[in-house]
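In the numbering used here, the protein residues as written are 429 to 600. A virtual CB, placed ideally from N, CA and C, is assigned to each residue, including glycine. These notes are about the structure you will find just below.
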C-alpha cells in the first residue's frame, strides 16, 4: 500500500506489500474421544492423532502439537508438548482434556479441544451373586415357580468394581 510522507525536505512516497496469512480453519472446536477400559482402572491409551482429519478438512502443510493445558498450547511451550500423541494415557480417571495446536507454515495457528472419556464397563466373569427366594403369588399362584427378585441390593457391589468418581448407571 502506498504511504505519503511530508518532511521539510519535501514530499515522498513509499509502497509496501503486506501479506496476511489466515489461521487454519477448524471444522469444529471441540471433539470427544471415547474408549473402553480393558482393565477397569479408569485409564486408557488414546491416539490423539486420529482427531487431525476431524479438526481440519486438509492436514497438508499443517503441524499438530498436543498439550495438557490451554496456556501451553497458546504459548507453544516446547517442554510441555505431549511427547507420544499416538499412545497418550489420560492422567485423570475416566475423563480428561487435551488441547491441540494446529499451525501452518506461517506460524498462524488455531487451537482445538479434545475431551477424553474412558468407559469402564466390563464386569469380571468372576463377579457373581446368588439370590434365594420363595415362590410368591404375584403372578397369580404361589406354586408356579415364578418369584420376584430385587436386584438393586447388588448395585453398590457392582459400582465398587469400578474406579471412584465415574458417572455410572446400573440397570438390570
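Residue range of the alpha helix (DSSP H) that includes residue i
| i | result |
| --- | --- |
| residue 501 | 498-503 |
| residue 556 | Premise fails: residue 556 is in no alpha helix (DSSP H) and is neither H nor E. |
| residue 443 | Residue 443 -> not in any alpha helix (DSSP H); beta strand (DSSP E) instead, spanning 438-443. |
| residue 484 | First-last for residue 484: undefined, no H or E at that position. |
| residue 583 | 583-587 |
Endpoints, beta strand (DSSP E) assigned at residue i
| i | result |
| --- | --- |
| residue 541 | 537-547 |
| residue 463 | 458-464 |
| residue 492 | 490-495 |
| residue 530 | 523-532 |
Residue i classed as buried or exposed, judged by whether at least 16 other C-beta atoms fall within 10 angstroms
| i | result |
| --- | --- |
| residue 452 | buried |
| residue 429 | Caution is warranted here: a pLDDT of 48 is assigned to residue 429, below 50, making its placement in the model unreliable, and no coordinate value can be reported. |
| residue 445 | exposed |
| residue 474 | buried |
| residue 600 | exposed |
Candidates the options, of which the one nearest residue i by Cα
| i | options | result |
| --- | --- | --- |
| residue 553 | 512, 494, 487 and 589 | 589 |
| residue 557 | 438, 596 and 577 | 577 |
| residue 551 | 573, 466, 570 and 535 | 466 |
| residue 514 | 494, 546, 533 and 566 | 494 |
| residue 496 | 510, 486, 489 and 536 | 510 |
| residue 396 | 534, 455 and 435 | The chain is shown from 429 up to 600; residue 396 falls before or after that span and cannot be answered. |
Supposed close pair residue i, residue j - CB separation, criterion 8 angstroms
| i | j | result |
| --- | --- | --- |
| residue 491 | residue 531 | 5 angstroms |
| residue 604 | residue 518 | Nothing about residue 604 can be reported from this structure: the residues present for the chain run from 429 to 600 only. |
| residue 501 | residue 477 | Wrong, their Cβ atoms sit about 16 angstroms apart, outside the cutoff. |
| residue 548 | residue 468 | 5 angstroms |
* To do: Kindly confirm or deny that the region 537-546 and the region 459-466 touch, where touching means at least three C-beta pairs closer than 8 angstroms.
  => Taking a contact to require three or more Cβ pairs closer than 8 angstroms, the region 537-546 and the region 459-466 qualify as touching.
* Counting Cβ pairs closer than 8 angstroms, one from the region 556-569 and one from the region 524-534, do we hit at least three? -> No, because fewer than three Cβ pairs between the region 556-569 and the region 524-534 fall closer than 8 angstroms, the two stretches do not touch.
* Asked: Does the count of Cβ pairs from the region 579-591 and the region 502-514 closer than 8 angstroms reach three?
  -> No, because fewer than three Cβ pairs between the region 579-591 and the region 502-514 fall closer than 8 angstroms, the two stretches do not touch.
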